[in-house]
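**Student:** First the structure, which I've put down as structure tokens, then a few questions once you've had a look.
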Amino acid sequence: MSVVNMVWLYFGMHAILAKMIYLDSQVQRRLDQDLAILKKLRPLPPTAVAKLKEQFAVEMTYNSNSIEGNTLTLKETHLVLNEGITIKGKSLKDHLEAKNHHEALHYLYELVDHKAKNTVSEQLIRSLQQMIVRETGSSVAGKYRSGAVIITGSKHVPPDAHEVPHQMQRLIRWFKDQEDRLHPIELAAIAHHKFVHIHPFFDGNGRAARLFLNLILMQKGYPLVIILKHDRKKYYNVLQKADAGDLKPIVRFIAQSVERSLHIHLKVLQPQKKKQKKYLPLSTIAPETPYSEKYLNLLARFGRIEAHKEGRIWVSTLEAVKVYQAGRLRKRT
Ligand SMILES: Nc1ncnc2c1ncn2[C@@H]1O[C@H](COP(=O)(O)OP(=O)(O)OP(=O)(O)O)[C@@H](O)[C@H]1O
Ligand SMILES: [Mg+2]
């Protein structure tokens, strides 16, 4: 190899190492566009925003608590939080967890609304966990663990307890160092993984880490993002891949959750006069396209078409498939 080639190789490698890209560029473009549309709609109508915020707060409380084993349904969570109703046959713990999570979430909303600065800190992480387990595990609230923990359903063994303070300091340092280098979705997804990888507490790690993910995203202008209970298996799967050093799947997974939230917000907040996108199940769209439902499902999961999940099913638009088709044709010619 000539010296010139070696120099190019050196600088090429350097450039790659300096900016690792975890988010697919096509997905990034789409999400950046959606966020820009949302930001342009500001100032947003306060009543609609308040309604959306509460809807998402209830939805997230249900999903995040349900991932960790809470048995309240979405409707029951709504009744407990908004109507002050006690659900017969459900434990006191389930009720308290819902209330405590809801309070923690409103605390985050306030931090974001008041544009609090330099909020990402160990202290904030400890406060979030403290709020979450306040009434169900007060002996471990706000304190890093002093012993070993295991994660049921996962092969990952978190580090020894004596490593936790040091690793948490490193997480915050890493965050500050990467904050302006990574795309916010990459930053939030990787920070979330680092958090649960360390598993700093005896309880409440998953829920606190999902709030932490949202603090990062909301401070960058994104709406609240929900990891759905339906996606628990996938979520555990992508975290396991991240444990092994492959960060793209967790970033893609979080990007899909961001896309869902953005679509729902745009649907509600965009003025009716503007032509809104009509999201339909892939089974409805497929017959209008050259692709099968199964293939469209694959494209949706890999972020190749603009799509998001509603409950268990993927929805997209005919226009999104046309955009994909046009791109394929351009590539071929
Ligand atoms: N392979 C993995 N690597 C790192 N973290 C993981 C992995 N698999 C799952 N997790 C995380 O661990 C969480 C569950 O762990 P655990 O049951 O110990 O949580 P916890 O401390 O009781 O928190 P919570 O009560 O909020 O669920 C999941 O919500 C997820 O965020
Ligand atoms: Mg738990």
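Read left to right, the sequence shown gives residues -5 to 327 (the numbering used here). Virtual Cβ for every residue (Gly too), placed ideally from N, Cα, C.
Considering only heavy atoms of ligand 2, list every residue whose Cβ is less than 5 Å from one of them, following chain order.
**Tutor:** Those satisfying the condition are, in chain order, 62, 197.
**Student:** On the DSSP letters alone, give me the boundaries of the beta strand (DSSP E) that residue 301 sits inside.
**Tutor:** 301 to 304 is the span of the beta strand (DSSP E), which, as asked, contains residue 301.
**Student:** Taking Cβ positions only, does residue 32 come closer than 9 Å to chain B?
**Tutor:** Within the model displayed, chain B is absent; a lone protein chain is all it includes.
**Student:** For residue 21, I'd like the list of residues in its chain whose CB is within less than 6 Å of its CB, leaving aside the five on either flank, ordered along the chain.
**Tutor:** So the qualifying residues of the chain are 249, 297.
**Student:** I'd like the list of long-range same chain contacts for residue 247, defined as Cβ closer than 6 Å, with 5 residues on each side in sequence excluded.
**Tutor:** Correct list, in chain order: 232.
**Student:** For ligand 1, any of its heavy atoms closer than 8 Å to the Cβ of residue 239?
**Tutor:** No, Cβ of residue 239 sits at least 8 Å from all heavy atoms of ligand 1.
**Student:** At which residues does the beta strand (DSSP E) containing residue 309 begin and terminate?
**Tutor:** Run containing residue 309: 307 to 310, per the beta strand (DSSP E) assignment.
**Student:** CB-CB under 7 Å to residue 304, same chain, minus the five flanking residues each way: which ones, in chain order?
**Tutor:** No residues qualify anywhere along the chain.
**Student:** Give me the Cα-Cα distance between residue 9 and residue 79, rounded to the nearest whole angstrom.
**Tutor:** A caution first: residue 9 carries a pLDDT of 48, below 50, which makes its placement in the model unreliable, though a value can still be read off. Rounded to the nearest angstrom, the two C-alpha atoms are 57 Å apart.
**Student:** Given 8 Å as the limit, tell me if residue 210 has its C-beta closer than that to any heavy atom belonging to ligand 1.
**Tutor:** Residue 210: no, Cβ never under 8 Å from ligand 1.
**Student:** I'd like the span of the alpha helix (DSSP H) that includes residue 278, first residue to last.
**Tutor:** That run of the alpha helix (DSSP H) goes 276 to 279.
**Student:** Short check: CB of residue 92 to CB of residue 59, under 9 Å?
**Tutor:** Yes. Within cutoff.
**Student:** Please confirm if the region 52 to 69 is in contact with the region 28 to 40, defined as three or more CB-CB distances below 8 Å between the two stretches.
**Tutor:** No, the region 52 to 69 is not in contact with the region 28 to 40.
**Student:** Out of 314, 41, 81, 162, state which residue places its alpha-carbon closest to the alpha-carbon of residue 262.
**Tutor:** Taking only the C-alpha atoms, the option nearest residue 262 is 41.
**Student:** Please classify residue 71: does DSSP put it in a helix, a strand, or coil?
**Tutor:** It is helical.
**Student:** DSSP three-state label for residue 19, please.
**Tutor:** Looking at residue 19 - three-state DSSP - the assignment turns out to be helix.
**Student:** Helix, strand or coil: which one does DSSP assign to residue 61?
**Tutor:** Helix, per DSSP.
**Student:** Out of 75, 35, 204, 196, which has the shortest C-alpha to C-alpha gap to residue 188?
**Tutor:** Residue 204 is the option with its Cα nearest to residue 188.
**Student:** Taking 8 Å as the cut-off, is the C-beta of residue 200 nearer than that to any heavy atom in ligand 1?
**Tutor:** Yes - ligand 1 has a heavy atom lying nearer than 8 Å to the Cβ of residue 200.
**Student:** Would residue 212 be called buried (16 or more neighbouring beta carbons within 10 Å of its own) or exposed?
**Tutor:** Residue 212 should be labelled buried.
**Student:** Out of 35, 177, 134, which has the shortest C-alpha to C-alpha gap to residue 18?
**Tutor:** That would be 177, whose Cα lies nearest to the Cα of residue 18.
**Student:** Under the three-state reduction of DSSP, which class applies to residue 113: helix, strand or coil?
**Tutor:** It is coil, neither helix nor strand.
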